[in-house]
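Asker: Mind having a look at this structure? Questions to follow.
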Amino acid sequence: MTVEKNENGKLKCSIEYTLKKIGGKWKTVILWHLGTDGVHRYNELRRLLPGVAHKVLSQQLKELEEDGFIIRTSYDTVPPKVEYSLSDFGRTVMPVLQAMHKWGRTHGPFSDEVSPVDISRNID
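In structure tokens form, the structure reads like this:
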């Protein structure tokens with residue numbers, strides 16, 4: 000997605016910018032899990048995202064890290080250990096994700112069963 004800029008180089012649309020940063024099939028769900036569950040290792044995230052390809056998850060995590068939403072922590076152990084957590088900047092997007100979740104639960108064709116993404120989870 001290309002985000003349009005005005006003649007001064009300023010972005011024209013804040014929604015386009017937001018979607019460019021957190022849009023896509025997996026980024027919002029990755030952010031949600033890190034924001035509600037806390038720290039996760041790569042394979043834990045992979046289990047939480049059925050159907051995500053290894054290459055896609057790696058790329059999404061890399062982009063989220065580059066954009067400052069998540070922190071990747073490597074430990075010098077055998078076998079290697081890497082953990083992902085939400086950064087302070089990443090936490091600023093949680094109210095947006097909560098609003099998306101609430102809107103989806105209100106307007107989507109869901110059963111009365113508990114959603115696997117439960118808005119009542121602790122979000123600090």
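Going by this note's numbering, the first residue of the sequence shown is number 0, and it counts up by one from there.
Note that CB positions come from ideal geometry on N, CA and C, so glycine has one too.
Since the structure is predicted, the reported quantities are computational estimates derived from the model, not experimental observations.
Give me the DSSP bridge partner(s) of VAL81.
Answerer: The sequence position of residue 81 within the sequence shown is 82, counting from 1. VAL81 is bridged to SER73.
Asker: Drop a sphere of 10 angstroms on the beta-carbon of ILE14, count the other beta-carbons inside from all chains shown, and report buried for 16 or more, exposed for fewer.
Answerer: Counting from one through the sequence shown, the residue named residue 14 turns up at place 15. Classification for ILE14: exposed.
Asker: Candidates HIS32, ILE21, TRP31 and HIS106: which alpha carbon is nearest GLU65's?
Answerer: Stepping through the sequence shown from its first residue, residue 65 is reached at position 66. It is ILE21 whose Cα lies nearest to the Cα of GLU65.
Asker: Would you decide whether TYR83 is buried or exposed? Buried here means 16 or more other CB atoms lie within 10 Å of its CB.
Answerer: Taking the first residue of the sequence shown as 1, we reach residue 83 at position 84. Result: buried.
Asker: Which term fits HIS39, buried or exposed, when burial requires 16 or more other beta carbons within 10 angstroms of its beta carbon?
Answerer: The count along the sequence shown starts at 1 and reaches residue 39 at position 40. With 16 or more other Cβ atoms within 10 Å, it is buried.
Asker: Spell out a yes or no on whether the segment 22-42 and the segment 51-61 are touching, meaning 3 or more CB-CB pairs, one atom from each, closer than 8 Å.
Answerer: Result yes; three or more Cβ-Cβ pairs closer than 8 Å.
Asker: Got a sec, what are the start and stop residues for the alpha helix (DSSP H) PHE88 sits in?
Answerer: Here residue 88 refers to the residue found at position 89 of the sequence shown. Counting along the chain, the alpha helix (DSSP H) containing PHE88 begins and ends at 87-90.
Asker: Give me the DSSP bridge partner(s) of ARG40.
Answerer: The residue labelled residue 40 in the question sits at position 41 within the sequence shown. GLU82.
Asker: Closest by CA to VAL81, which one among LEU60, MET93, LYS101 and VAL95?
Answerer: Reading the sequence shown from its first residue, position 82 is the one you call residue 81. Residue LEU60 is the option with its Cα nearest to VAL81.
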